[in-house]
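> Input: one structure, supplied below.
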């Protein structure tokens, strides 16, 4: 599980979804680079220096320096003058909350997620897609497990390497899913082949059962079960639950948690007018 939580991918010039080649030339490169700087910050980061931002974005050091100076001037970053380190300002955080703040879906989901967490003694989170990542936009903890095991709001999960990502990918149209998987394949990692096999099997499971399971393995002691939430006139979301693998084995995940998660996803969908 831990390997699925990572720093954001550098923004693709193609934006959040597939675009015709003819549209790609309209991208404003400085704007895309500024967004990549803002996206480099995670909930675990209080301050980052220019060197950190260069490593995370892949941008030249001179570009990062210009961008951070501009973002400070515009009020989206704060600068610690004594150390030349940066952090997101409230103005930057407000942008994210405005984008994610569909109060109806949050209200409908949060109440059900909280009840689910206590009933099944698992942590639950709701995620939306940001390029090749998922971002946790809501989370509910159970009192039966340490809160530290729960990904907090703002945590990023791999779209192509987490159960939540596989559930969301399975709900997308074929062309969009293929585009995103091809894009993810351009960022290989040590166990890329194994991840591709697991993601393919998980998406088959979502189409068959409505959910998928990522069992904890060596180095990944958490098991995650996830299901997509498809909403009218809105990008799909993923709802997931997780707990230590000793408490979430295959049998419990498939027989109890998966079907219960699908029922909750369907309730959320019906609350927004989708059967």
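Numbering (my numbering), first residue to last: 4 to 278.
All C-beta atoms in this analysis are idealised placements derived from N, C-alpha and C, irrespective of residue type, glycine included.
None of these values were measured; they are calculated from a predicted model.
According to DSSP, simplified to helix, strand and coil, what is residue 2?
With the chain represented from 4 up to 278, any question about residue 2 goes unanswered, as that position is not in the structure.
> Check whether the region 55-66 touches the region 167-178, taking contact to mean three or more Cβ pairs, one atom from each stretch, closer than 8 angstroms.
Touching, no, given that fewer than three Cβ pairs across the two stretches are closer than 8 angstroms.
> Of the residues 133, 122 and 159, which one's Cα is nearest the Cα of residue 143?
Selected option, being the one with the closest Cα: 122.
> Taking residue 253 as the reference, give the member of 232, 237, 228 and 270 with the closest Cα.
The shortest C-alpha separation from residue 253 is found at 228.
> Classify residue 108 as helix, strand or coil using the three-state DSSP reduction.
Of the three classes helix, strand and coil, the one that applies to residue 108 here is helix, per DSSP.
> For residue 226, name the three-state secondary structure that DSSP assigns.
Looking at residue 226 - three-state DSSP - the assignment turns out to be strand.
> Would you mind listing the beta strand (DSSP E) stretches within the region 146-187 that are 3+ residues and don't spill past its ends, in chain order?
DSSP runs (the beta strand (DSSP E)) wholly in the region 146-187: 159-161.
> Spatial neighbours of residue 238 within its chain, please: CB distance less than 7 angstroms, with the 5 preceding and 5 following residues excluded, ordered by chain position.
If we look at residue 238 and ignore the five residues flanking it on each side, its Cβ neighbours are 131 and 132.
> Considering only the alpha carbon of each residue, which of 61, 149, 230 and 186 lies closest to residue 163?
Closest option to residue 163, Cα to Cα, is 186.
> In the DSSP assignment, what residue or residues form a beta bridge with residue 128?
Residue 128 pairs with 142 and 243.
> How many angstroms separate the CA atom of residue 48 from the CA atom of residue 272?
If I take the Cα positions, the gap works out to 34 angstroms.
> What does the alpha-carbon distance come out to for the pair residue 199 and residue 209?
Answer to the nearest angstrom: the Cα atoms are 15 angstroms apart.
> Is the distance from the Cβ of residue 225 to the Cβ of residue 245 below 8 angstroms?
In this structure, residue 245 lies closer than 8 angstroms to residue 225 by Cβ.
> Using 10 angstroms around the beta-carbon of residue 51, count the other beta-carbons present and answer buried if the total reaches 16, otherwise exposed.
The residue in question, residue 51, is buried, as its Cβ has 16 or more Cβ neighbours within 10 Å.
> Keeping to the same chain, check which residues put their C-beta closer than 6 angstroms to that of residue 116; ignore five residues upstream and five downstream.
127 and 143.
> Excluding five sequence neighbours on each side, which residues of the same chain lie with their C-beta closer than 7 angstroms to the C-beta of residue 70?
Result list for residue 70: 36, 37 and 40, in chain order.
> Only counting the same chain, and skipping five residues up and downstream in sequence, which positions put a Cβ closer than 7 angstroms to that of residue 261?
The residues are 212, 214, 216 and 228.
> Quick one: what's got a C-beta closer than 6 angstroms to residue 205's C-beta in the same chain, skipping five residues either side?
Within the same chain, residue 205 has close Cβ partners 169 and 215.
> Name the one or two DSSP bridge partners that residue 207 has.
Paired residue(s): none; residue 207 is not in a bridge.
> Rounded to whole angstroms, what is the Cα-Cα separation between residue 293 and residue 94?
Absent from the model: residue 293. The displayed extent of the chain is 4 to 278, so no value can be given.
> Would you mind stating whether residue 240 and residue 129 have Cβ atoms separated by less than 8 angstroms?
Cβ atoms of residue 240 and residue 129: closer than 8 angstroms.
> Mind checking residue 242: buried by the 16 CB within 10 Å criterion, or exposed?
Buried, since its Cβ has 16 or more Cβ neighbours within 10 Å.
> On the three-state DSSP scale, how would you describe residue 81?
Three-state result, residue 81: strand.
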